[in-house]
Each structure stands twice: as C-alpha cells, then as structure tokens.
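4 protein chains.
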Amino acid sequence: MIPTGSLIQLVSPKGKRYTMILEEEKELHTHDGLIPLNQVCHMDFGQEVTTHLGRKYLVLKPTLYDLLKNVQRKTQIIYPKDIGYILLKLGIAPGGEVLEAGSGSGSLTMALAWYIGDQGRVHSFERRSEFVELCSRNLERVGLKDRVRFHDRDIEQGFGLTDIPAGFIDVRTPWDYLDQLVAALQNGAPAGFLLPTMNQVEWLLRAMESASCTDMEVLEILVRPYKPVADRLRPQDRMVAHTGYLVFCRIMK
Amino acid sequence: MIPTGSLIQLVSPKGKRYTMILEEEKELHTHDGLIPLNQVCHMDFGQEVTTHLGRKYLVLKPTLYDLLKNVQRKTQIIYPKDIGYILLKLGIAPGGEVLEAGSGSGSLTMALAWYIGDQGRVHSFERRSEFVELCSRNLERVGLKDRVRFHDRDIEQGFGLTDIPAGFIDVRTPWDYLDQLVAALQNGAPAGFLLPTMNQVEWLLRAMESASCTDMEVLEILVRPYKPVADRLRPQDRMVAHTGYLVFCRIMK
Amino acid sequence: MIPTGSLIQLVSPKGKRYTMILEEEKELHTHDGLIPLNQVCHMDFGQEVTTHLGRKYLVLKPTLYDLLKNVQRKTQIIYPKDIGYILLKLGIAPGGEVLEAGSGSGSLTMALAWYIGDQGRVHSFERRSEFVELCSRNLERVGLKDRVRFHDRDIEQGFGLTDIPAGFIDVRTPWDYLDQLVAALQNGAPAGFLLPTMNQVEWLLRAMESASCTDMEVLEILVRPYKPVADRLRPQDRMVAHTGYLVFCRIMK
Amino acid sequence: MIPTGSLIQLVSPKGKRYTMILEEEKELHTHDGLIPLNQVCHMDFGQEVTTHLGRKYLVLKPTLYDLLKNVQRKTQIIYPKDIGYILLKLGIAPGGEVLEAGSGSGSLTMALAWYIGDQGRVHSFERRSEFVELCSRNLERVGLKDRVRFHDRDIEQGFGLTDIPAGFIDVRTPWDYLDQLVAALQNGAPAGFLLPTMNQVEWLLRAMESASCTDMEVLEILVRPYKPVADRLRPQDRMVAHTGYLVFCRIMK
C-alpha cells in the first residue's frame, strides 16, 4: 500500500499526468471525473484508480524526470540532459549544501533539492518575486520546499554566505557576480554556469581568467531521440538542437 | 578542518589525481615523495599539502564526476553524460532501492550508491568474480561499498528479489532477462538499458513488445566539448561520437 | 543584360521565390500583379522588376541550392547536405555519366544533371509514372531535362546498361538489385545508397558482403544552423535530426 | 581501354593510393617495385597492374573525394563535407566563374576547378608564394591547373575583377575585405566564408550588417561515420567534431 505523504502520479487514459502528494482527504478534479485520493491509499503503484465517471487512471511513482517535465514554467527551464550532468560535476550528494542563482521556474532547484536529501540545503537566489512564488509552488507540489531557502538579495552586494561547497549560476550576466561567487564558495569548490549564447561564454571566460577560477570547461549536451520501433529503427526527424552552453570551473582563491 | 573519514582528492603538480578516504595514520606514496595524511587532517579543502620531497599537492573535495573519472576499469564504463540522465529517468533518490546487472567496473554502481545515500540499497548482479572484486575495490576506495549488495546469481533463473522500484540492465543480451526483470520490479517501475549496437536495440525492442513493457524510449547523449579560450572559442577538433544507446521503459504487468 | 534562356529567380517583397527560364514572350502571374518577362531581358541580376501593380521583385541568378529548395515534391527528397557529399563520392564531373534509381521527386536527378553538364548523361530509373512526370516537370522548369534519360524498367530484370562509371540507389530494398547494379557499373565504380532506417543499412551491408562490393562506408550528415545575430550567436533551437544514412562502396567484380 | 590523359588512381596491396595523369612514357616508383604506365594504357578501370617485383596494384578512376583526400597540405584543408555544400550554395556550375581567397593547400580550389569544367574559370587569390606553389602542384597532378588563374595581390587593395558571379573567402580576417568582395561580385551574387572560431563569426556578422550583404546564414556540418558491420552496427567511437563554421550571404549593392 502507498503510504500517505508519498509522491504519486496519476496518468489519464489520454496520457495526461497529474503529480501530487498523497493525502487521504484530498480529491483530484479531472475532465474524466473526480478521484477521491483515499482510494489510492489502499492501492499499490502500477494499479488503476477509477473516477466517479468510471474512467481508469494509472497510479505511478513519479521519477525526478517526470517531475521536471511537469514543472510550471514562465522562463526557459534547464533540461534533464543538462541537470544530470550538472549534479555530477558539482558533487551534489545527500546531506550536501549548494547555492544557485537565479531560481527561475525552479527545475534545477527541484533536482538539487531532490538529491541533497532531507538533511541537505539548497540556497536559491532570486530577486523577482513572481519567480520565487512560481518556484516555491513547483517545489511545494512535490514536497521538496523545506529543503530550499530562498534569498531575496541583490547578489551584486554578495551572497551573504560563506564556505558553500558548490554553486550554479543561471543569470544573464554571470561575469558581474564572479567575485561574489568566489567569496561565497569554499576554496576548491566546483562552480557551474548555463549560458544560451556564445558571446556570453566568451565574456564569462574572459572574466574567469582574471578571477579565482581554474580548470575551466565549456561543453554542450545533445540528446538525440529515436523512434522506438524495432522494424524501422531511426532517429526522430527533428530534435532540440540547443538549450545552452555549460561552463564549469573550480574556485581557487 | 577536513574531518577524518572524508573523501579527499590530492592533485599533483602535473595534474595526477589520487582519491581516498582521509585516515589519520595513512600515508600516500607518490613519485613526488611521501604524504602523511595526518597533515591533511589539519587543513581545509583548497589548501596545499607538501610531500617529504617538498612538492605541493592540492587538496580537493572530489565530485562524483571526479570519482567516476578515476574508476579502475577492465570493461567499457558508463560515462557521466549517460549516468546523469539515467539517475533522473530511474527516479533514483536518497533512501531508495535499485537493482543493476551487470556490475562491470562499477561506474554506474558508484553513482547509484552515491545518490541512494546511506539509507538506500543498490543490488548489483555480476557473475564474473573478477568484476565483483574490481567493482568492490572501486567502491571501497570511495567509501560507498556498504550501500551495495552483490548478488552472484545466474539471472536467467531470476533476480531472487521482488518489488524493487527501479532497474538498470547493462549486459550483452538483455532480452534474455526481460521476464526476470519484470518479476523483480514493482508494477509501474522504470527500467533502463545500455546497448552499444543498433542490432541490440532492435532485438530488445522486439522482446519488449511481447513483454510487460510500455512507454519505450530510445536515445543517445552526445557531449561536445569546447576549447575554453575566450578569444578563440570553438569546439574541440575531435569528440567521443558514441558510447551506447539508452533504452528506457515502464514495467506494466 | 540577362540573356534569354537563362535561369532566373524572382523574389517577391514577402520572400516568395519563382524560378524559371527567361523567355521574352512569357509573363509571370503573381499575387502582386503581372510581370512581363521581356522587362527582365533588359536588366542585370540583382536589379528589381516592377509588377503592373507597382510591386518590386528582385531578379536573382538561382544557385543549385535555390533550385533544390523549390523542387515540387510528392516524396521525401534528398537534402542538399547529402547531395553535395554524394557528388564528390561518386566522382560526378562535367561530361560524365551516372545512373540512379528511383527518380522520386528528382532532387538528386537535378543535381546530377546540373554538374554533369550538357555533354553528360543521367540515366534515371523509375517505374511509377507519376514520379517520372513530376521529376520531368521539375527538370524542365530549370532547363535540365535534356541531360536526363528516363528508363521505365523493372530493375529486378537488370538496368539494361553496362559500363556506367557510377550509380546511386534510393529505393526501399536496394539489396534486391545489387547484382543488377554490379552488372551495370564499370569495374571499380563507386556506388551510393540512401536509407532511412538502421534495419535497411543492416540488410544492405549483409547483401554487400556476398556481392561484388568493397570499401563499404556508412555515415550520416548533420547540418546545424545558427541564428545569424552577431550579439547573440547561438544554434537554432531545433534542427533536422535525421534524413537518412548514406552507404558507399566500390564495385569490384 | 583507359585513354592517355585520364586521371588514374593506383591502389597498393596495403591500400596506399597514387593519383596521376596517365602518360604512356611515365613510370611509377613504389616500395613494391616499378610500374611502367604504358601497361595501364591497355587495361580497363577495375583491373590490376603488376609491378616488376610481382605485386598487384588496382587501377581505379579516382573520384573528386579521392583527389581531395590526397591533396598535399601545409594548412588546414577544407573538408569534403563542407565543399559539397559550398558548391551548391555558390551555384557553381560547368562553364561558370568564381573567385576564392586564399588558395591555401588548394582543396576547395580543386573542387571548384573540377565542377566549373574546362569552359569555366577559378580566380584564386593568395599572397604567400609557398601556398601558390603547393596549390599549383596539387592542381597540376590532377590535370586541373589550366582552369585556375592565380592572382598575387593584396586584396585589401581590391580583387581587380568585377561582375564575378560567386565568391568564397577563407582567410583569417574576412571582415577586412568585405567591401572589396562586394565590388568584385555581381549584384545578387552568393558569397561564402569558412571560419574556425565563433569570435570570427561574430566579427564577420557585425561587418556584414553594415556592408551590402543580405540573407545571412551560419551553419556547421557534421559527418558521423559508422562501423560498416551488419551484425554490430554502431557509430565509430570518435569523430571529427569541428572543422569550421560556414557563413553564407547574398551581395545586395
């Protein structure tokens, strides 16, 4: 039986997906009718629950990938292909601590919060209150909000933190905040950046050369999907060709 | 100060990297001379320790990416670009449980163990004892061995487990073990596969069509590295063009 | 002044392109009004002609790339990225001779006819009369039809030609016609194939192993377009990810 | 029988390739012994000629791709993948005229000369005499030198030509010669550029915005080779990841 407080995903007959925390008194309102969630409390993952109109919804345990696909967005989000790599490069681990700026819609925030576990801490810096609210809602819906502390600061004045073991910066002009980042991070800490244009990569690299940064790496990650048909195996006709360039370095004061 | 029991990485003047658990009585023997680790116990990350011959080694906190780069290998390993994506697709989370076959050199095993945390459990299936030993040594060196249970079974006879929430199969003929995988996993669980050739993808997809699998996805991930030079920004001349195809599905019994 | 008989391209204010042979008595009917082509006969390329409604159309000399973009299609066409490479690999040259099957919409036919010059000969094999007509019309519109001879034959019975110096096969089951191709080509001749799926590549390679083929090559060509903006240089968001796999070999009887 | 004056390629048992014009009195000296070419005059393509030491060399008709692979180089050459596309975009055709700067080792020069035919004309601009010599030798060896006219001019002072229908610029700072290029080309003419770095693309685009250029396009072409093995179909492990960015435009005075 699925314990209350678990993250669940309900999949409609047409493939529409609803992600939520399982609470006994809650109800889900869908185009196919109402689902009282207390029914789900007596089921296992992989079973089907029936709406009051008789439609069957599949109950799944969502993966982080599923959650990221369902993030409500008002900004360009960071994609799973990039997030997976960022996690490894930043040394994110259960119980760890990390800072990020800006929060945006919160897709990276969510992944950091997920892997840092309930003993960890994500410091998320965002000045625009609408994005703090959006990001908070996205985190709350999947039960990860308690792991994130939002900081409403002008980071040009510094992050107001020290000795943080890793940082990720996803803002338009990261070169303006390099010294502040260096001050906030541990010596030797890994830092990462996401930038849509080559010009920004150029400006960031130039700033890094005179800041306390070493081991610079620039790369991009491409996912090429195939049609999953055994008899006619071939890539999809079109693919996402660009999300952004990733830049990584180590802080060396 | 770095606590004993921490994972540390020592970087030589020439860039050679040594990863180990910090223990007070241990010594590291290098071409540049001896480093008594008790010296490191009084330092912070980002500082330098001096060998008895006067060479300076940088002390860093290794990221998972660093650890994966230093895995001792006798097999083709799974690359960070693929590992990051696999973690998200399988829903790996602190406190979770997952099965994988085979262990190989243990790069994926290490990543699963890292993110599943000290409350989680990785079940790793491998018949060749030399790989179990290699994988164990790689895990032990980074303090993650306790999170992994090795199973020496012929998985054609089944995994001997049930209700596991996720699985990853990296063997030459995964289609031979699909029914066994279905039996071992929870209903609705995500499963993943890595396959070097298109022929294998074809055979696996064909087997999946008649097994309890839905939501099949096939993809490949490419990392394109750039030369990190602000004034002459361009991709590296050559790149890794292929490691393997990733196949994902959901088990639906 | 542009000589009559020249290939011209008229570009509307909205970017719509019309390609034709310049003939003094012809008129072009557009949504912007009528253009009597005898006006164009007194102009140079790069100038503008005015419709009877006063709209200005730019007169350009079309490149082969322009012509290929304007091919009327009922089938998947072969893309410029692939065509350019095919020309070089097949040794196409002014005055040469080449066979292709099938003609399809005629994009490759057009490129072969273009480069083989007015002393050369393209033998194009196509059984479906609607495609022969479509391909003919496409060639006629750009003045290249005389260089192409259409053959309405069942190529399973052979091509009815010998000693042809190069061949390109773009049909669904090319392995059915390998022996016939070998018979039609010169010893040592280069041959090429375009195939959308990996399964077809597998079958073709298997057939080649027992046919008179050496130096097999398999490859794909990707074009990645960028946004041409100096201040925000970055790849387009999406790209064509797959058209087909190219296979090349030498015939060695 | 192969006519004297034909371009031939002799392939050694070990795959070493020799390209030359067939002349009756010439001899080829190889590590496998001497081949008097008059023997080849009595053969057909695809047959084998025997050295005086009894080794068999295959006689092939080289494709342009073969010739380009055998260009003697002292510079980075332009690759076939890029050349094929450039030909189509520039509207190169038998009987045409084109200018290029600089000549370099002459791989593009060779392709332009090949397709422009014996009625066409390539104007190649190169100041360094060692490259003019190298390029000449490469062209002479394949019988295409007569189609190319070398210009030893400082192109900052202009190309000294007008009304040329197409141009390709492969120099380090093409933005320095844009106005000169505009003056040399026909109105409406297509122009192309090859640039290794993103910074150069940025500078060129910026210069184009204030010069007489329209329809700017920026792209790169990737060739991904596969292992041609039917039972184990997969991409090669490594590939060429970058040669240069291609930029195209139309001149609009």
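Protein chains in written order, with my numbering: chain A, -2 to 250; chain B, -2 to 250; chain C, -2 to 250; chain D, -2 to 250.
Backbone N, C-alpha and C fix where the C-beta goes; we use that ideal spot for every residue, glycine too.
Remember, it's a predicted structure, so these values are computed and weren't measured experimentally.
Using a C-beta to C-beta distance shorter than 9 Å, which residues of chain D count as neighbours of C:K66?
Chain D residues near C:K66: none, gap ~10 Å exceeds 9 Å.
Proximal chain A residues relative to D:E217, where beta-carbon distance stays under 9 Å:
Per Cβ cutoff of 9 Å: no residues; D:E217 is ~11 Å from chain A at best.
Given that a residue counts as buried once 16 or more other Cβ atoms are within 10 Å of its Cβ, and exposed if not, what is D:S104?
buried
Could I get the ranges of all uninterrupted beta strand (DSSP E) runs contained in the region 94 to 170 of chain C, with 3 residues as the minimum, in chain order?
94 to 98, 118 to 122, 145 to 148 and 164 to 166
Any C-beta of chain D under 8 Å from that of C:Y82:
yes
To which residues of the same chain is A:M107 closer than 8 Å at the C-beta, ignoring the five residues directly before and after it?
L61, L64, L65, V68, N135, L136, V139 and L141
Whose CA, out of A:H26, A:R124, A:S133 and A:P162, lies closest to the CA of A:G117?
A:P162
Roughly how many angstroms lie between the CA atoms of B:W200 and A:R221, to the nearest whole one?
20 Å
Pull up the CB-CB distance for B:L19 and B:G2, whole angstroms please, since I reckon it's below 8 Å.
7 Å
Using a Cβ-Cβ distance cut-off of 8 Å, determine whether B:A98 contacts chain A.
no
Quick one: list the residues of chain A neighbouring D:P196, beta-carbon separation under 7 Å, in chain order.
The sequence as given places Asn at residue 196 of chain D; Pro does not occur at that position. Chain A residues near D:N196: E199.
Where the alpha helix (DSSP H) containing A:Q177 begins and where it ends
L175 to A181
Would A:N184 count as contacting chain B if we go by Cβ distances under 8 Å?
yes
Roughly how many angstroms lie between the CA atoms of D:R229 and B:G81, to the nearest whole one?
26 Å
Entirely enclosed beta strand (DSSP E) segments - the region 11 to 71 of chain D, minimum 3 residues:
14 to 18, 24 to 27, 30 to 33, 45 to 47 and 53 to 57
Whole angstroms is fine: what's the gap from C:P225's alpha carbon to D:G164's?
19 Å
At which residues does the alpha helix (DSSP H) containing D:P222 begin and terminate?
No alpha helix (DSSP H) contains D:P222, which is instead part of the beta strand (DSSP E) from C210 to K224.
For C:G114, collect the residues of the same chain with a Cβ closer than 7 Å to its Cβ; drop the 5 residues on either side in sequence, then sort them by chain order.
P91 and G92
Is there a Cβ of chain B sitting closer than 8 Å to that of D:P59, yes or no?
no
Any Cβ of chain C within less than 8 Å of the Cβ of A:L230?
yes
Say whether the region 236 to 248 of chain B touches the region 187 to 196 of chain B, bearing in mind that this needs 3 or more beta-carbon pairs closer than 8 Å, one atom from each stretch.
yes
Could you round the C-beta distance between C:P77 and C:Q6 to whole angstroms and report it? I think they count as a contact, below 8 Å.
At roughly 16 Å, the Cβ-Cβ gap does not stay under 8 Å, so C:P77 and C:Q6 are not in contact.
Verify whether the separation of the beta carbon atoms of B:F122 and B:R150 is less than 8 Å.
yes
Report all residues from its chain with a CB closer than 7 Å to the CB of A:Y54; omit the five preceding and five following residues, and keep chain order.
L7, V8, S9, I32, E45, V46 and T48
For B:I5, name the three-state secondary structure that DSSP assigns.
strand
Closest by CA to D:I218, which one among D:A238, D:M(-2) and D:E21?
D:A238
Quick one, which of B:R231, B:R52 and B:F42 has its alpha-carbon nearest B:K13's?
B:R52
Interface residues of the region 238 to 249 of chain B facing chain D [CB-CB below 9 Å]
A238, H239, T240, G241 and Y242
Sub-8 Å separation of B:R70 and B:S100 beta-carbons
no
Considering only residues of the same chain and omitting the five flanking positions on each side of D:E214, which have a CB-CB separation below 6 Å?
F245
Under 8 Å between the Cβ atoms of B:E24 and B:C38?
no
Going by beta carbon distance, what residues of the same chain come within less than 8 Å of D:A208, once the five residues before and after it are set aside?
L175, D176 and V179
In chain A, which residues lie with their C-beta within 8 Å of the C-beta of B:L202?
P225, V226, A227 and L230
Considering only the alpha carbon of each residue, which of B:L216, B:R146, B:E94 and B:A181 lies closest to B:G157?
B:A181
Contact criterion: CB-CB distance below 8 Å. Does B:R138 meet it with respect to chain D?
no
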